[in-house]
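Colleague:
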Amino acid sequence: MNDLGIVLSTELLRKLRSRIFWIATAGGVLVIALLVEAPFFFARLAHTSNSDIVLAGPPVLRDPAAHLLERRKNFRIVARVDALPVHVTPEYLDQHGHAGAAVAVSIVRGRLHVDVYPRDLSAFDAENFGSLVPLAVSIATGLPVQRIERVAAVAHTAHPIDRKFKDSRAATVAHGIAFGLVLMLYLAIILGSQSVMSAVAEEKTSRIAEILIATIAPSTLLYGKTIAAAIVALVQVGLWIVTAAALVPQATRSFVQVSGAAAPAANAGGAPMIFAFDPWLLAAFLTFFILGYLQYAAIYAAAASLVSRTEELGSVTTPVIMPVVGAFFIAQYALLEPTAPLVTICSFVPFLSPFVAFTRIAVTSVPGWQVAVAVLVNVATVAACFWVAGRVYRIGMLLYGKPPSLPQIFAALRE
């Protein structure tokens with residue numbers, strides 16, 4: 086086995102046997118499970134909901150109002166009464182299905198009037214009762230509510246310019262998936278690269294690096310460490326994705342059943358649209374994840390080799406972490422404006438491209454040549470990072486005390 090294979094296998098075994106790795110992985114799985122199950126848990130825990138109301142008024146107004154409110158899924162009527170008490174109290178709402186509010190409909194001066202008595206005043210405004218407009222028009226004109234509804238209904242058909250998605254629901258789900266995967270990429274790079282920095286600094290301060298470099302080329306040592314870290318990070322993120330994919334279906338169905346909410350986008354088979362996961366999207370994520378991780382891990386390892394004590398890691402962490410933070414924020418902008426000129430340019434910029442290019446692929450149709458160029462840019466960036474980091478690593482790991490000066494670093498790069 087060559088030196089790179091020895092370093093790679095050794096690093097892989099060391100990381101996979103590390104308790105910290107498995108604790109972090111299990112912690113990530115637990116956090117994902119909590120995030121997925123939280124809506125279902127709180128829906129079961131909550132005794133009240135702002136969408137549950139007591140509707141009061143004469144039947145001639147109350148019945149069509151209930152039809153309009155429930156048909157448009159604004160509210161769920163948990164009780165119907167002819168009139169409300171003089172003082173509506175939380176106890177009254179508790180006695181009537183733990184409602185979030187009491188709503189009374191009446192006619193005042195020839196116009197429909199709505200009185201609302203909510204638990205949470207901030208959750209109700211005039212827009213909540215926009216679905217009652219047909220009833221208000223019916224009172225003013227004398228026309229049947231059903232006829233006004235038919236006339237007022239605006240027939241519309243959305244014709245997407247981007248053929249990537251069939252409807253708005255699929256696009257919304259794709260945005261959610263893209264955000265989740267970009268967040269995983271961000272966390273994996275931040276956490277994984279930090280572990281690479283700590284391992285390199287520890288080897289240098291403990292003088293183990295001197296023994297290793299005496300038998301293995303510094304660049305080979307660097308390559309083995311970063312590639313092993315990328316593989317381990319990929320395993321970790323893979324477990325997180327599998328956890329989310331396994332829990333989201335049941336959690337979505339359970340939340341809909343408990344809360345009474347409408348299911349968010351279902352395909353023809355009745356399953357939530359979120360599971361119509363594009364394999365090409367997963368392939369794009371894996372590609373840009375690996376390329377992005379290798380870029381940052383190599384730079385982080387080289388930066389860590391310049392410190393003489395682990396306490397000095399903070400001084401080199403901030404400069405190399407800023408591109409990651411910037412790339413993450415630009416990716417959030419790309420979710421909203423995937424075709425903006427800035428976003429398109431950033432998808433070809435080293436260190437930004439892994440985040441931005443993947444986000445564009447996830448939420449819009451990207452020309453094939455742009456995808457190819459983005460991949461080539463990232464491959465070239467990885468090669469350049471390894472080349473630069475290998476030379477910096479070589480002089481950094483053998484210098485103690487004062488960090489190498491810029492002339493020393495540039496001299497090493499010219500060799």
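Residue 390 in our numbering sits at position 305 of the sequence shown, with consecutive numbering throughout.
Virtual Cβ for every residue (Gly too), placed ideally from N, Cα, C.
Fair warning: this is a prediction, and the values are worked out from it, not measured in the lab.
#1: Is the segment 270-278 in contact with the segment 425-434, if contact means three or more CB pairs nearer than 8 Å?
#2: Given that a residue counts as buried once 16 or more other Cβ atoms are within 10 Å of its Cβ, and exposed if not, what is A369?
#3: Taking C-beta to C-beta, are K460 and A382 nearer than 8 Å?
#4: Which residues in the same chain have their Cβ closer than 7 Å to the Cβ of T110, if we skip the five residues on either side of it in sequence?
#5: Can the beta-carbon of A386 be found closer than 8 Å to that of A474?
#6: Counting along the chain, where does the alpha helix (DSSP H) carrying V218 start and finish?
#7: Please classify R235: is it buried, with 16 or more other beta-carbons within 10 angstroms of its beta-carbon, or exposed?
#8: Beta strand (DSSP E) containing P229: first to last residue?
#9: Going straight from the alpha carbon of T466 to that of M269, what length do you get?
#10: Run through DSSP, which three-state label would I117 get?
#11: Three-state secondary structure (DSSP) at V193?
#12: Looking only at DSSP bridge pairs, what is I138 linked to?
#13: Where does P203 fall in DSSP's three states?
#14: Hey, quick one: how far does the alpha helix (DSSP H) through F440 stretch, first residue to last?
#15: Quick check on the burial criterion: 16 or more other C-beta atoms within 10 angstroms. Buried or exposed for L130?
#16: With L146 and S216 assumed to form a contact (beta carbons below 8 Å), what rounded beta-carbon distance in angstroms separates them?
#17: Within 10 Å of its beta-carbon, does E212 have 16 or more other beta-carbons around it, so buried, or fewer, so exposed?
#18: Verify whether the separation of the beta carbon atoms of T305 and L89 is less than 8 Å.
#19: Measuring CA to CA, which of A187, P303, G309 and V92 is closest to V163?
#20: Taking S438 as the reference, which of W454, F374 and A259 has the closest Cα?
#21: In angstroms with no decimal places, state the Cα-to-Cα distance between A151 and L140.
Modeller: Based on what the coordinates show:
#1: The answer is no - the segment 425-434 does not touch the segment 270-278, with fewer than three Cβ pairs under 8 Å.
#2: Here residue 369 is taken as the residue at index 284 of the sequence shown, counted from 1. Classification of A369: buried, given that the 10 Å Cβ count is 16 or more.
#3: Here the question's residue 460 lines up with position 375 in the sequence shown. Here the question's residue 382 lines up with position 297 in the sequence shown. What sits at residue 460 in the sequence shown is Val, not Lys. No, the pair does not count as a contact, with Cβ atoms beyond the cut-off.
#4: On the sequence shown, position 25 is the one that residue 110 refers to. Q321 and L324.
#5: Sequence index remark: in the sequence shown, residue 386 carries index 301 (1-based). Sequence index remark: in the sequence shown, residue 474 carries index 389 (1-based). At the C-beta level, A386 and A474 come within 8 Å of one another.
#6: Looking up residue 218 in the sequence shown gives position 133. Secondary structure note for V218: its alpha helix (DSSP H) is the uninterrupted segment V218 to T226.
#7: Counted from its first residue, the sequence shown places residue 235 at position 150. R235 should be labelled exposed.
#8: Taking the first residue of the sequence shown as position 1, residue 229 is located at position 144. Under the DSSP assignment, P229 falls outside any beta strand (DSSP E); it carries neither an H nor an E label.
#9: As a working note, residue 466 is residue 381 in the sequence shown. As a working note, residue 269 is residue 184 in the sequence shown. Cα to Cα, T466 sits roughly 21 Å from M269.
#10: Working through the sequence shown from its first residue, we reach residue 117 at position 32. Here I117 sits in helix by DSSP.
#11: As a working note, residue 193 is residue 108 in the sequence shown. Strand, per DSSP.
#12: As a position in the sequence shown, residue 138 is number 53, starting the count at 1. According to DSSP, which records beta bridges pairwise, I138 is partnered with I162 and A186.
#13: Along the sequence shown, one-based indexing puts residue 203 at 118. Here DSSP, grouped into helix, strand and coil, assigns P203 to strand.
#14: Sequence index remark: in the sequence shown, residue 440 carries index 355 (1-based). Per DSSP, the unbroken alpha helix (DSSP H) holding F440 starts and ends at S438 to V448.
#15: As a working mapping, residue 130 is identified with position 45 in the sequence shown. Its pLDDT being 49, under 50, L130 is placed unreliably by the model, and the measurement read from it follows with that caveat. Exposed.
#16: Position 61 of the sequence shown, counted from the start, is the residue given in the question as residue 146. Position 131 of the sequence shown, counted from the start, is the residue given in the question as residue 216. The pair is not a contact, with the Cβ atoms about 14 Å apart (cut-off 8 Å).
#17: Working through the sequence shown from its first residue, we reach residue 212 at position 127. Counting Cβ neighbours within 10 Å, E212 comes out exposed, since fewer than 16 surround it.
#18: Here residue 305 is taken as the residue at index 220 of the sequence shown, counted from 1. Here residue 89 is taken as the residue at index 4 of the sequence shown, counted from 1. T305 is a Cβ neighbour of L89, given a cutoff of 8 Å.
#19: As a working mapping, residue 163 is identified with position 78 in the sequence shown. Of the listed residues, the one whose Cα sits closest to V163 is A187.
#20: Translated into the one-based positions of the sequence shown, residue 438 becomes position 353. Nearest option by C-alpha distance: F374.
#21: Position 66 of the sequence shown holds residue 151. Position 55 of the sequence shown holds residue 140. Taking the straight line from one Cα to the other gives about 7 Å.
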